[in-house]
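Structure first, then comments.
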Amino acid sequence: MQQQLTFAQLEYQHKKKVTRRDRFLAEMEKVVPWEELLEELGPHYYQEHNRGRGRPPVPLERMLRLYFLQQWFNLADEALEDTVYDSQSFRGFLGIDLLNAGVPDATLLPKFRRLLEANDLGGRLLERVNAHLSERGLMMNEGTMVDATIVAAPSSTKNASKARDPEMHQTKKGNQWHFGMKAHIGADLFSGAVHSVHCTAANVADVSATDKLLHGQETTVFADAGYIGADKRDELSKRKIRWQIAAKRGRVKALEDGPIKEQIKAIEQQKASLRARVEHPFHVIKNLFGHRKVRYRGLKKNNVQWQVLFALSNLYLLRKPLLA
1 MQQQLTFAQL EYQHKKKVTR RDRFLAEMEK VVPWEELLEE LGPHYYQEHN
51 RGRGRPPVPL ERMLRLYFLQ QWFNLADEAL EDTVYDSQSF RGFLGIDLLN
101 AGVPDATLLP KFRRLLEAND LGGRLLERVN AHLSERGLMM NEGTMVDATI
151 VAAPSSTKNA SKARDPEMHQ TKKGNQWHFG MKAHIGADLF SGAVHSVHCT
201 AANVADVSAT DKLLHGQETT VFADAGYIGA DKRDELSKRK IRWQIAAKRG
251 RVKALEDGPI KEQIKAIEQQ KASLRARVEH PFHVIKNLFG HRKVRYRGLK
301 KNNVQWQVLF ALSNLYLLRK PLLA
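Under UniProt numbering, the first residue of the sequence shown carries the number 1, and numbering increases by one thereafter.
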C-alpha cells in the first residue's frame, strides 16, 4: 500500500531547484549494490540483535544508509541525527516520514560500527562493491597502482588519557612533520578503483606495505619512487610482475643533457601519466567527503572506516558508467 505524502514532502518534491545534495543522493541510490551489501551484513546484524531482548532492531538497510550518510558527509553521530531531522533529502534517502517513523538514535551508530569492526566487515563490503564493478566489466585486475597518503591525527595531550594515540606516529614529509596514520592502497590500473587498503602508523615506509596491496593476479605494478626496491623484497621477489617504479627526480636531473636523458624523461612522464589515477580516490575521500583527519583512536577502527570509504569512493568515481 502506497503511503500518503505529507505536505512537507509534496512541497519538497515540487521545489524549483534540485540541489547538489539531491543529485548526489539520487545517484548513490542507483549505483550502490544494496542487495549484495545487505546480504553480506545480514547474518551478523540480526545474530547480534537476537542475543538479547529489548526493542526491535532498526531495519538493516536503514542503518546501512545512515552509516553511508555519515561517511559521505563526514558527520559526527549527534550531528547526523540532527541533520536527518533538518534535511528532507536525508529523510527521503532513509525512507523516513517523521509522522510515522522516528529518526534512529545517535547511540545506534557506535553499535553498528563496532559490529563492522568486530567482524572485519569493512573489507568484505569493499570486496562486494568490487565484485559488483567487475561483473560490469569496470575492473580488469591485470595491473595495480600503489600509493599512500598521510591522514592527520590529534597530537594534543589535552584529553582524558593525557596522551596521544599510541598507535599513531609522527613522520617527516619534505620539511614538515605530520602526526597520524598512513592509508596504503592498491588500485586497479584500468578503472582507478581501489581493491586493497592497509592502514599503518605514519612513519611506516611505503615500500614495506607493498605486498598487502597486491591481489595476486596483476602482471604490472605502477608506483612512485617511494617503492624503489619493492621487487627485491623477500615476499615479492618471486612474483612474475613487471615493475614500473618511478626513478628519483635527483637521479634523472643529474644525468648529462642529451638524447638519453630526454628519452628517460619521456619514459618517466609516461609512467607518471598512467599512475596519476591512483590519486583520485584520495581526492574524493579527503576533499569531497571531507575526511582529512582520523575520526577514531586506534588503527583497526580507522582501517575499517577507510575500507568503507574507499568502497564508496569507487562507486562515486565510476558512477557514470554504472548509471549508463
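Virtual Cβ for every residue (Gly too), placed ideally from N, Cα, C. These numbers were taken from a predicted model, which means no experiment stands behind them.
Under the three-state reduction of DSSP output, M168 falls in the coil class, being neither helix nor strand. In the DSSP assignment, F222 forms a beta bridge with M145, Q244. The DSSP-derived three-state label of F179 is strand. In its chain, beyond the 5 residues on either side, P281, V284, I285 have a beta carbon closer than 6 Å to the beta carbon of S313. Per DSSP, the unbroken beta strand (DSSP E) holding V197 starts and ends at 194-201.
Contact between the region 68-85 and the region 117-132 is not established, with fewer than three Cβ pairs separated by less than 8 Å. Less than 8 Å separates the beta-carbon of L318 from that of L133. Runs of the alpha helix (DSSP H) lying entirely within the UniProt domain "Transposase InsH N-terminal" (15-114) and spanning at least 4 residues, in chain order: 20-31, 34-50, 60-73, 77-86, 88-94. For Q244, same chain residues with a beta-carbon under 7 Å away, outside a window of 5 residues either side, are T220, V221, F222, K271 in chain order.
Between V58 and P104 a beta carbon distance of about 5 Å is seen, short of the 8 Å cut, so the two are scored as contacting.
Under DSSP, H184 shares a beta bridge with A148, H198. Assignment of K162 by DSSP, reduced to helix, strand and coil, places it in the coil class. Excluding residues up to 5 positions away in sequence, K182, H184, D206 lie with their Cβ nearer than 6 Å to the Cβ of A148 in the same chain.
Apart from the 5 residues on each side of it in sequence, I264 sits with its Cβ closer than 8 Å to the Cβ of A247, V252, L255 in its chain, given in chain order. Residue environment for V18: exposed (fewer than 16 other C-beta atoms within 10 angstroms of its C-beta).
If you ignore the 5 residues before and after K261, its C-beta comes within less than 6 Å of the C-beta of L255, all in its own chain and listed in chain order.
Under the three-state reduction of DSSP output, K238 falls in the coil class, being neither helix nor strand. In this structure, the beta-carbon distance from L315 to V31 falls below 8 Å. In this structure F179 touches A152 by the C-beta definition: roughly 7 Å separates them, less than 8 Å. In this structure, the alpha-carbon of Q305 lies about 32 Å from that of K240. Taking 8 Å as the cut-off, the beta carbon of C199 is found closer than this to the beta carbon of N302.
Within the DSSP secondary-structure output, K320 pairs in no beta bridge. Counting only residues of its own chain and dropping the five nearest sequence neighbours on each side, Q70 has a CB closer than 7 Å to the CB of L80, L109.
Counting of Cβ neighbours within 10 angstroms places R292 among the exposed residues, the total staying below 16. Annotation for H44: L115, N119, L121 place their beta carbon closer than 7 Å to its own, counting only its chain and skipping 5 residues before and after. Restricting attention to A311, Q307, R297, the CA atom closest to the CA of N159 is found in R297.
Here D211 has E235, L236 as same chain residues with Cβ atoms under 6 Å from its own Cβ, once five neighbours each way along the sequence are excluded.
For N130, the enclosing alpha helix (DSSP H) starts and ends at 121-135. The straight-line gap separating the alpha-carbon atoms of L41 and R65 is approximately 13 Å. W177 sits exposed, since fewer than 16 C-beta atoms from the chains shown fall within 10 Å of its C-beta. Straight-line spacing of the CA atoms in R62 and R249 works out to 50 Å. Counting C-beta atoms within 10 angstroms of its own C-beta, Q217 has fewer than 16 neighbours from the protein chains shown and is therefore classed as exposed.
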